[in-house]
Amino acid sequence: MQLLGFRDMNACWHELGRTSFASSLGYDSKEFLVVCPTDKALIFQAAERALEHQVNLLGSGWIFLGEKIDWHKDYKSGFDWPAAYFRDIEYTNLGRASDVKFPWEVSRLQWMIPAGQAYVLTQDECYAYSVREILEQWMEANPYAHSINWACTMEVALRIITWTWFFHIFNGSDAWKDEAFRAKFLRMLYLHGDFTSRHLEKSDVNGNHYVADAAGLVFAGLFFSEKGHAAYWQQLGWKILSDELLKQVHADGVDYEASIPYHRLVLELFLFPALYRMKRGLEISPVYRARLLAMARFTAAYSRADGTIPLFGDADDARVLPFGYQTINDHRYLLGLTGGAFDDGELKKQFTGGLAEIYWWLGGGMASALNHQNASIQHQRSQAFPDGGVYIMRNEQDHIFIDCGPLGLAGRGGHGHNDALSFEAALQGVHLITDSGAYIYTADYLARNRFRSTSSHNTPMVDGQEINRFIRPDYLWNLHDDARPELMEWETSDTRDFFKGKHSAYTMLDNPVTPVRSIELDHAQHRLVIEDVFEGVGVHSFEIPLHLAPAIMVEETSSSSLCLHCADKAFALHWHGDGLWVADIEKCSVSPSYGRLLESSKIVWRCRADARYARLIVTIKPIG
């Protein structure tokens, strides 16, 4: 306590409890029920599960962790990591079916957040005692720098954020009055800040891990009121965030890791420390603010009307401090959070979806204001994001997401896939064409590589070659930067949108070929036309897949047409071309989130022909 400038533990505890936090703390249970009437039952249900140590993480299904949790165990595979010094632990284990993300996710303790929310609404001490017990268990099993849960600095940084929120929720409770517990808690939290500052995940090209480390430093620094080493942590963390935001996020707001789920994570990582600084009266530069708003506008563009998203790039379900109970792939709350925090009228008009995240972060007043704003929703129009290489065609019923951007992580691969010129499509509100998703990481490296491969995306494949070559099967986050997509044409109007692009991946073949794809959306008729041609010479094997969303049923109607069914809507799919194209309907899997697989179907057109005569045109339009 002397390091922080306090005479004793209780003085330190009470002083820290009087400071402001990143999120709103002026909660009112009656106001919550008015603003978020359907969320109370969800909170208490989730809180009851948390008190029973039940979790459903990373596609595991509901699992009972036991009264005494094994914090070093992947409960899905049963594999345990040793309680050793963090640098001595090998956590990838590609020869095993183990997934280190499971103990990491359990140790983030985000699954205990509903207990904190339930405490706010009821002041029932059972929730405070349960969270204290979990924290004591964790501290006993995970001494400083010794366990799998210290092996990745990002995990340490994310715990800082969760633990500081727990403190502000429970610091005045009877359950947290014990001075010995208070000392252990603050000591361990301070050590988290110290560890993060010493073990930053910095590289020549940085990604979300480095950003998470910096976010954790800002939270630790501000939580400890910049006393002791905390001043250095806060200043260092904010400098890193300010530098990396402009490096990692394109000017048009697209995160350069080339993943929609990671775009959400990175926006949270940059946004929440900014909210904390604003609460403490610290400056947020206009440049920083503008780039956050650009990220939120991209989120608005890629989010479909029903709250679903394209499954492009990796997905590991990661959040920073999740307060809402929307589905994992609903990112619309970010419009309300960013627009509300920075009073951006455009984003507030575009915001739809649940209000719980808004309430817990920005308070009941903002949540109520945004609820009234929903009466005048501003419909999105087609937009180009040329820096990130994303082109979105849309109207009130249709949504086409096209990837013509660089490989993720500045050409290293990272969380990006072999998806150049791939697309997702929803017509008349029906999600028809989907990306395959990401599925899993180290627990099954063969599946990891399959889901990021060319054949798992809606893009042409030539001679069975990847558009970005794999370096080695065990290099799970690296690819050769071969594809280099290029926009050739982009037009948008009230009647039609048109995209044309190409990439360079197959110019390395003995007989070079350049795939050129055109996509046209007719707004009035909700008709989508995809044309693929191949510039080059020589005979090649061509393969063009379209992965159908899991809800779509497919029926053959002729040798060159199919009918796609979903509920009470039907769509005609017709094709013609210059080559002898053969279409097959095959089974496939789609991963809507980490660790989950759904059965689906894909249509695959195959042709062996001279590149000059291998054109294929596919048309999809509603029936009736």
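In our numbering, the protein residues as written are 29 to 652.
C-beta: ideal position from N, C-alpha, C; glycine also.
Okay, do the stretch 444-460 and the stretch 351-369 touch, 3+ Cβ pairs below 8 Å being the bar?
They do not touch, by the three-pair rule.
Are G368 and A397 closer than 9 Å when you measure CB to CB?
What you label residue 368 is simply residue 340 of the sequence shown in a count that begins at 1. What you label residue 397 is simply residue 369 of the sequence shown in a count that begins at 1. Yes. Within cutoff.
Only counting the same chain, and skipping five residues up and downstream in sequence, which positions put a Cβ closer than 8 Å to that of L24?
This structure gives no information on residue 24, because the portion of the chain shown stretches from 29 to 652.
Which residue's Cα is closest to the Cα of G433: L214, E385, D283?
As a working mapping, residue 433 is identified with position 405 in the sequence shown. That would be D283, whose Cα lies nearest to the Cα of G433.
For the stretch 288-295 against the stretch 249-258, are there 3 or more C-beta pairs whose distance is under 8 Å?
Result no; under three Cβ-Cβ pairs closer than 8 Å.
Among I499, E296, N170, K307, whose alpha-carbon lies nearest the alpha-carbon of R46?
Position 18 of the sequence shown, counted from the start, is the residue given in the question as residue 46. Selected option, being the one with the closest Cα: K307.
What are the partner residues of G441, as DSSP defines its beta bridges?
In the sequence shown, counting from the first residue as 1, residue 441 sits at position 413. DSSP lists N506 as partners of G441.
Sort out for me which residues DSSP pairs V83 with in a bridge.
By one-based count along the sequence shown, residue 83 stands at place 55. V83 is bridged to I91.
DSSP state of R480, grouped into three classes?
Here residue 480 refers to the residue found at position 452 of the sequence shown. In this structure, R480 counts as coil in the three-state DSSP scheme.
Going by the beta-carbon positions, is the gap between F562 and A639 smaller than 9 Å?
Here residue 562 corresponds to residue number 534 of the sequence shown, with the count starting at 1. Here residue 639 corresponds to residue number 611 of the sequence shown, with the count starting at 1. Yes; because the gap between Cβ atoms is below 9 Å, this pair is in contact.
What does the alpha-carbon distance come out to for the pair L375 and L390?
Taking the sequence shown and counting its residues from 1, one reaches residue 375 at position 347. Taking the sequence shown and counting its residues from 1, one reaches residue 390 at position 362. Their backbone Cα atoms lie some 15 Å apart in a straight line.
Could you tell me the distance, in whole angstroms, from the CA atom of Y419 to the CA atom of L61?
Counting from 1 along the sequence shown, the entry for residue 419 is found at position 391. Counting from 1 along the sequence shown, the entry for residue 61 is found at position 33. If you take the alpha carbons of Y419 and L61, they lie about 40 Å apart.
Measure the beta-carbon distance from I188 to G244 and round it to whole angstroms, keeping in mind my assumption that it falls under 8 Å.
For this step, residue 188 is matched to residue 160 along the sequence shown. For this step, residue 244 is matched to residue 216 along the sequence shown. Right, the Cβ-Cβ distance comes to about 4 Å (below 8 Å), so this counts as a contact.
W388: buried (16+ other C-beta within 10 angstroms of its C-beta) or exposed?
Reading the sequence shown from its first residue, position 360 is the one you call residue 388. By the neighbour-count rule (16 or more Cβ atoms within 10 Å), W388 is buried.
Do the stretch 547-565 and the stretch 579-591 touch if we need at least three Cβ pairs shorter than 8 Å?
Flag = no, the stretch 547-565 and the stretch 579-591 do not touch.
Start and end of the beta strand (DSSP E) containing T535?
As a working mapping, residue 535 is identified with position 507 in the sequence shown. Counting along the chain, T535 falls outside any beta strand (DSSP E), and DSSP gives it neither H nor E.
Which residue comes first and which comes last in the beta strand (DSSP E) that contains A637?
Taking the first residue of the sequence shown as 1, we reach residue 637 at position 609. Looking at the DSSP string, the run of the beta strand (DSSP E) that includes A637 is 626-638.
Go through its chain and collect everything with a Cβ distance to D152's Cβ below 8 Å, but skip five positions before and after it.
Taking the first residue of the sequence shown as 1, we reach residue 152 at position 124. Once the five neighbours on either side are set aside, the close Cβ partners of D152 are A146.
Per DSSP, what kind of secondary structure is G391 in: helix, strand or coil?
Within the sequence shown, residue 391 is the residue found at index 363, counting from 1. Three-state result, G391: coil.
Just to confirm, are H508 and F498 a CB contact at a threshold of 9 Å?
Stepping through the sequence shown from its first residue, residue 508 is reached at position 480. Stepping through the sequence shown from its first residue, residue 498 is reached at position 470. Against a cut-off of 9 Å, the Cβ pair of F498 and H508 comes out as a contact.
Alpha carbon to alpha carbon, how far is R77 from F194?
Start at 1 with the first residue of the sequence shown, and residue 77 comes out as number 49. Start at 1 with the first residue of the sequence shown, and residue 194 comes out as number 166. Cα to Cα, R77 sits roughly 18 Å from F194.
Within this structure, are the beta carbons of H100 and S175 separated by less than 9 Å?
As a position in the sequence shown, residue 100 is number 72, starting the count at 1. As a position in the sequence shown, residue 175 is number 147, starting the count at 1. Contact flag set, yes.
Helix or strand or just coil, what does DSSP make of Y113?
Numbered from 1 along the sequence shown, position 85 holds the residue referred to as residue 113. Three-state result, Y113: strand.
So what's E559 in DSSP terms, helix, strand or just coil?
Translated into positions along the sequence shown, residue 559 becomes position 531. Looking at E559 - three-state DSSP - the assignment turns out to be strand.
Near S617, which residues of its chain fall below 8 Å by C-beta distance, leaving aside the five closest residues on each side in sequence?
Taking the sequence shown and counting its residues from 1, one reaches residue 617 at position 589. The residues are S464, Y467, L625, L626, E627, S628.
Evaluate the contact criterion for the stretch 58-73 versus the stretch 211-219: three or more CB pairs, one atom per stretch, below 8 Å.
Not touching, per the Cβ criterion.
Three or more C-beta pairs under 8 Å: does that hold for the stretch 467-482 against the stretch 541-560?
No, they do not touch.
Return the first residue and the last residue of the alpha helix (DSSP H) that Q378 is part of.
Taking the sequence shown and counting its residues from 1, the one referred to as residue 378 is at position 350. Here the alpha helix (DSSP H) through Q378 covers 373-378.
Under a Cβ-count criterion, where at least 16 other Cβ atoms within 10 Å of its own Cβ denotes burial, should M421 be classed as buried or exposed?
One-based indexing of the sequence shown puts residue 421 at position 393. M421 is buried by the Cβ-count criterion.
By Cβ distance below 8 Å, which residues in the same chain neighbour A676 in space, the five residues on each side in sequence not counted?
The question about residue 676 has no answer, for the chain in this structure spans 29 to 652.
From what residue to what residue does the beta strand (DSSP E) around P650 run?
The count along the sequence shown starts at 1 and reaches residue 650 at position 622. Where P650 is concerned, the enclosing beta strand (DSSP E) stretches over 644-650.
On the DSSP bridge list, what partners appear for M581?
Sequence index remark: in the sequence shown, residue 581 carries index 553 (1-based). M581 is bridged to H593.
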